[in-house]
Structures are given as structure tokens and as C-alpha cells.
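So the working numbering is basically just the index in the sequence shown, starting at one, shifted up by 103. Every residue gets a Cβ at the ideal spot worked out from N, C-alpha and C, and that includes glycine. Small disclaimer: the values here were computed from a predicted structure and weren't measured.
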Amino acid sequence: MASRSRLVILGGGAGGSELAAKLGRRDDLDVTLVDRHPSHMWKPRLHEFAAGTIDSTLSELSYYMLARMRGFAFEQGDVERIDRAEKRVHLTGPAAPGSDGAVPRQIGYDHLVVALGGVTPDFGTKGVAEHAVRLDERADADHFRARFIALMISARETGRPVRVVIVGSGATGTELAAHLRQVESGFFRKAGETPRDILEILIAEAAPQLMPGAEETLRRNVAERLAALDIETLTGAKIAEITADSVVEADGTRHPADISVWAAGLVGNPRLAELADFELDKKGRIVVDARLRATVDPSIQVLGDAASFTPEGADAPLPPTAQCASQQAEYLASAIPALLAGSEPGPFVYDDRGRLLSLARAGSVGQIGFGRKHDLLVKGQFANAAYKSLQRRHQWTLLGRLRGGVAIFADWISPAKGAQLKLHG
């Protein structure tokens, strides 16, 4: 029997987890997924964890359970470095509570995929690290929710509204704002009160318009829905500092804030620069070729937020989205076995299918593309179904057709529907 090639995937986000699930049961591969967390969550819904409106029992899945179910191995730990010469990944952790430290270990590989995801940069803005919340992982969402609930309970008793300022009008900022309003109206507002009586929400955007990079029709529709939710928006706001109680513009204008949320884009994980001698772009992402191979090593491929991939003829790399990561995982599921067998797969081709946003009780809205053109604005029930289908498809990929179908149906008929308030961590 031919020896099995060792495939190691670093990072279990949208792309890494799907790739492990797709390749886990191949007879010619030993697949190992590495992640610092014990469970996987669908990051596009992180704002719902923060607001406390998540209503799906499938939104967080154990990597240990998925590994057993889908035929791959799982190693929990932090990636310290990659030894390209020896083809070994150095890990440490997790450390047990009260222990002296984490146990270091190594994993050998024949082929490596880096999928460590991205983080929200502070761009050197004073006070962001000390005073703002950045929604990069589940712990951030739990921290925000605990603060938000405590402040809302206080506001209900004192009558002084909670002031939330969100810096950045991308998907994270706009969706979080809408879901916070849903929680406020459903659980904290008393009869006769208006939205601003208990919660004031401001979205501050540095660009001249909301959602820079989006189609004009989508931007306009989102702006109308935010206004209907009594969410204030401010464009052209160059934020210079975050303090304990305010967000300060470069011209000195201060916006009072009980909670400041920093949602100003994504860059590559800073750990990428420490792992190996990768070529990085200006956003700290690993530069890859047309087949998603790192420019310094053909045995290492990169996907998702960690990859800087510029399509042929394009002026800039693809944006860091779950849609892009999922398509790259689909490509690598066939490209990796071909490469290991000595064949040259075709190049990765990205199909931009538009973008969808969930604005809580203001409904879902999005721009769906046909070919390479975004020419259809969708909203209402169709947009809501399309938005939910993105996660359902991901769950189906992870769990398999039979288990995924049964689990999704059980989740769909669950009595726990509508806005919920998750107080637990």
C-alpha cells in the first residue's frame, strides 16, 4: 500500500474547516487540522454572539467532534513557527488553568495549508487597544455582550441611555448596530419609550460614504434601513483617538461612548510574519500565486484572510470574506491531491457572488452578482433565505449530507426562534 501524504491545515475558520472536512477521509492523505480554540464558529455571525441574538444550535461546533465525524485529526494549540527546511510545524498549548505553562510539540507535514484568518487593525490609532472592542473571535463577542447587558440594565433603571459608537461601516459594524437595536426593543425598552430613550447608536465611517466598496444601490438601501432603526451614521469621520468614554475625531470633535467598537477592516494575522520567511503584502497577508501557493515554498498553500491573491487583470487582492475562503477551500480540495500526485492543477478562479447583510428586524438585504456584475438588489424574504443559506451550506459541508441535513432540520423546527438574549458565555 502506498504511503499516505501528511497534510496539515493551520486554522479552522470557514475555509480551513471545510477543507479538512472535504479531505479527511481520503485514502491517500493523513489530514490534521490545527486551531487554538476547541470549537469552530461561523465568524460572519460573530456580531450576533456579541448582541446576544444568535438562535442557532449549529453556530458553534466542536473540532474534536468534527474530526471524529469527518476522518481528520485535530490538534489544539497555538502555532509558534514553521520550519520549512524540516517540514515541521512547532506548536504550544493549550495551557491548563493553574499550570506552569503549555507543552511544546511538533507536527511533520508533506504539504501545508495556512488558514489562520485575519484581525482588525488599529492603524496606530491611540487608545484602541485599551478602550475599544474588536470583534475578532468569540471571547471578544462574549466580553462585549457582558458589558452591553450590564449597561442596558443600568440604563433601564437610571433613565440615562447607553451610548454605543461603532467605528467602521462594513458588514460587522452595520449588522452589529442593527442587532443591538433588536435586543434593545425586545428586552429593555419600556412601554412608551422611544429607541433613543435607552440606547443611542452611532456608526462612524472614515470614507465619504457608508460601506466603501459596495454598490451604490446597496449602500443607499442599507442607509435607509439604518435610519429606520434610528441608528445615526456619520461619514468622513477621521478617528484620532478612543478614550474610556468617547471617540475623538482628528478635528477634536468628541462623541460620548459607553462602549466603543472598532470595526475598521481586516488585515493578516500578525503571527504570519513570525511563522516563516513568507512574502507579505502591505496588509500583512501571505502573497500567493495563481494556485494559492506561497511564493517562497510550493509545498505551502494559503487561503482565506491569510492569503493575498490578486486575480489576473485585477488591481488589488481579493477581499477577506467567508465567501472567498469557502471557494478557495473548494479549489484546494481538488488541487492538493493533484499537486501531491505530481500534476499541475488549473489556477484558482474566484466567482464574486455579491454580498448579503442581516439587519435584524430591518430585514436582510444584499447585492447578488451574475457572472462578474452585481446587478440585482435583493431584500425581504428572498434576501433572508439567501443569507441563512450561506451558513447552512457551510454546516452541510462540515457535517456531511446526512448528518448535516438532519441537524439543520432539527435546528429549523426548534422552538427557540426570533430574538433571544444569550446571557451565558
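What does the alpha-carbon distance come out to for the pair Leu395 and Leu383?
Each residue's CA atom was taken as its position, placing Leu395 and Leu383 some 14 Å apart.
Paired residues, beta bridge with Asp186 - DSSP:
Bridge partners of Asp186: Arg191.
Secondary structure at Met314, three-state DSSP: helix, strand or coil?
In the three-state reduction of the DSSP assignment, Met314 falls in the coil class.
Identify whether Asp384 lies in helix, strand or coil by the three-state DSSP scheme.
Coil.
Do Ala436 and Leu132 have their C-beta atoms closer together than 8 Å?
No, the pair does not count as a contact, with Cβ atoms beyond the cut-off.
Residue nearest to Ser429 in terms of C-alpha spacing, selected from Phe175, His497 and Leu378
Closest option to Ser429, Cα to Cα, is His497.
Rounded to whole angstroms, what's the CA-CA distance from Thr336 to Glu278? Just pull it up for me.
Rounded to the nearest whole angstrom, the CA to CA distance from Thr336 to Glu278 is 13 Å.
Would you decide whether Gly445 is buried or exposed? Buried here means 16 or more other CB atoms lie within 10 Å of its CB.
With fewer than 16 other Cβ atoms within 10 Å, it is exposed.
Under the assumption that Ala258 contacts Ile301 (Cβ atoms under 8 Å), give the Cβ distance between them as a whole number of angstroms.
With a contact defined as Cβ atoms closer than 8 Å, Ala258 and Ile301 qualify at about 5 Å.
According to DSSP, what are the bridge partners of Thr336?
Thr336 has Ile306 as its beta-bridge partners, per DSSP.
Name the DSSP beta bridge partners of Leu110, please?
As computed with DSSP, Leu110 is found in a beta bridge with Val134 and His214.
Nearest to Pro311 by CA position, among Gly339, Ser272, Gly289 and Glu319, is which residue?
Minimum Cα distance to Pro311 is reached at Gly339.
Straight-line Cα distance separating Thr275 from Gly521
Its pLDDT being 41, under 50, Gly521 is placed unreliably by the model, and nothing is read from it.
Starting from His140 and walking both ways along the beta strand (DSSP E), at which residues does that stretch end?
Annotation: His140 is outside any beta strand (DSSP E) and is labelled neither H nor E by DSSP.
Coil, strand or helix - Val231 by DSSP
Note: Val231 maps to helix in three-state DSSP.
So what's Gly220 in DSSP terms, helix, strand or just coil?
In the structure shown, Gly220 sits in coil (DSSP, three-state: anything other than H, G, I, E or B).
So Phe412 and Val399 are in contact, right, with Cβ under 8 Å, and what is the actual spacing, rounded?
That belief does not hold up - the Cβ atoms of Phe412 and Val399 are roughly 15 Å apart, past 8 Å.
Tell me whether Leu164 sits in a helix, a strand or coil according to DSSP, three-state version.
DSSP places Leu164 in strand when its eight states are reduced to three.
Bridge partners - Gly371, DSSP secondary structure assignment:
Beta-bridge annotation (DSSP): Gly371 is paired with Gly221.
Taking the alpha carbon of Glu183 as the point to measure from, which residue in Pro401, Ile210, Phe175 and Ile439 has its own alpha carbon closest?
Comparing Cα positions, the closest option is Ile210.
In the DSSP output, which residue or residues are listed as bridge partners for Arg263?
BP columns for Arg263 are empty, so no partner.
Give a yes or no on whether the C-beta atoms belonging to Thr223 and Glu178 are separated by under 8 Å.
No, Cβ-Cβ distance for Thr223 and Glu178 is not below 8 Å.
C-beta atoms of Ala154 and His246 nearer than 8 Å:
Using a Cβ distance threshold of 8 Å, Ala154 and His246 do not count as a contacting pair.
Would you identify the three-state DSSP class for Arg292, choosing helix, strand or coil?
Residue state for Arg292 is assigned as coil, using DSSP reduced to three classes.
Between which two residues does the alpha helix (DSSP H) carrying Arg148 extend?
Counting along the chain, Arg148 falls outside any alpha helix (DSSP H), and DSSP gives it neither H nor E.
To which residues does DSSP link Ile252 through a beta bridge?
In DSSP, Ile252 forms no bridge with anything.
With DSSP as the reference, label Pro401 as helix, strand or coil.
DSSP, reduced to helix, strand and coil, places Pro401 within a strand of the structure shown.
Would you call the stretch 358-374 and the stretch 216-235 touching, i.e. three or more CB-CB distances under 8 Å?
The stretch 358-374 is in contact with the stretch 216-235.
Spell out the partners DSSP gives Gln285 in its beta bridges.
Answer is none; Gln285 lacks a bridge partner.
In three-state terms, what does DSSP make of Pro359?
Look at Pro359 here: in three-state DSSP terms it is strand.
Nearest neighbour of Ala176, chosen from Arg128, Glu151 and Glu287 [CA to CA]
Measuring from the Cα of Ala176, the nearest candidate turns out to be Arg128.
Following the continuous beta strand (DSSP E) through Ser437, name the residue where it begins and the one where it ends.
Looking at the DSSP string, Ser437 is not in any beta strand (DSSP E); the run it does join, the alpha helix (DSSP H), is Ala425 to Leu443.
Where do the ends of the alpha helix (DSSP H) carrying Ala176 lie?
It is not in any alpha helix (DSSP H) - Ala176 instead sits in the beta strand (DSSP E) that spans Ala176 to Gln179.
In angstroms, rounded to a whole number, what distance separates the CA positions of Ala117 and Gln404?
If you take the alpha carbons of Ala117 and Gln404, they lie about 16 Å apart.
If Ser142 and Leu164 are in contact, beta carbons under 8 Å, what's the gap, nearest whole angstrom?
Their Cβ separation, rounded to whole angstroms, is 6 Å, which keeps Ser142 and Leu164 in contact under 8 Å.
So what does DSSP say about Arg241, is it helix, strand or coil?
Helix.
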